[in-house]
Amino acid sequence: MNFVEKNSHNSISIAIDKIAAHFSASHALISDDIEEGLHGHNYQVGIEIEGKPDSDDIIIDFLYLDKMLNNLLSEWDHYVLLPSNNPNMEINIRENNLDIEYGIRFYSIPNEEVKVLDCTNVTTEALTRLLGEKVQNQLKKKEFWQRIERINITIWETSCYRATCSIQPVH
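Counting from 1 along the sequence shown, just add 12 to a position and that's the residue number in my numbering.
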């Protein structure tokens, strides 16, 4: 029989499926060619971590990963997500509201219901990148960071449309 030698250089991956992690949010795509109205999605999120298990055969505790991911997603859950860098959108602060104007559209939304994100458009691609950065920043603080070789974050906008961000940590 051939067995994999314990503590060999083989990588293992663990994952949390999209059923366990999700958030609901509104957004709009706005460019020279596209001008959507605000609309929402029930996003589903998956994460996969590849790396070297420790002496206890653990890469990362599933419960820690699940809690961390859902805490990060709660920052976007039930918010209107707006881009900070869109040249076709004007955002003005007025008392307790944000006034948002683009094309023929005008919205006034309470400040506490909006998250402004560092992107040009709130696309699924931008959300995976932003979430990937947040996940990486959280994991860097942990002792197992040095064993992580790849992080894949996938966000499904619908059951058919998804984007994946793949991060190879630099140690």
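Cβ atoms here follow ideal geometry from the backbone N, Cα and C, with glycine treated the same way.
**Request:** With DSSP collapsed to three states, give me the class of residue 76.
**Result:** helix
**Prompt:** Along the chain, where does the alpha helix (DSSP H) that runs through residue 117 open and close?
**Reply:** Not the alpha helix (DSSP H): residue 117 falls in the beta strand (DSSP E), residues 117 to 122.
**Message:** Taking the alpha-carbon of residue 128 as reference, which of 22, 175, 40, 25 has the nearest alpha-carbon?
**Reply:** Just measuring C-alpha positions, the residue of 22, 175, 40, 25 sitting nearest residue 128 is 40.
**Asked** Helix, strand or coil for residue 83 per DSSP?
**Response** Three-state result, residue 83: helix.
**Prompt:** Should residue 179 and residue 165 be called a contact, given that it needs their Cβ atoms to be closer than 9 Å?
**Reply:** yes
**Message:** Quick check on the DSSP output: what are the complete alpha helix (DSSP H) runs of length 4 or more inside the region 82 to 166, in order along the chain?
**Reply:** Here the runs fully enclosed are 136 to 151.
**Item:** Between the CA atoms of residue 159 and residue 64 - distance to the nearest angstrom
**Value:** 5 Å
**Prompt:** Does the count of Cβ pairs from the region 52 to 60 and the region 25 to 41 closer than 8 Å reach three?
**Reply:** yes
**Request:** Report the rounded CA-to-CA distance for residue 32 versus residue 171, giving the unit in angstroms.
**Result:** 15 Å
**Item:** Residue span of the beta strand (DSSP E) that contains residue 6, given as start and end
**Value:** Outside the shown range of the chain, which is 13 to 183, sits residue 6, and nothing can be said about it.
**Asked** How would you label residue 133, buried or exposed, when you count the other beta carbons within 10 angstroms and need 16 or more for buried?
**Response** buried
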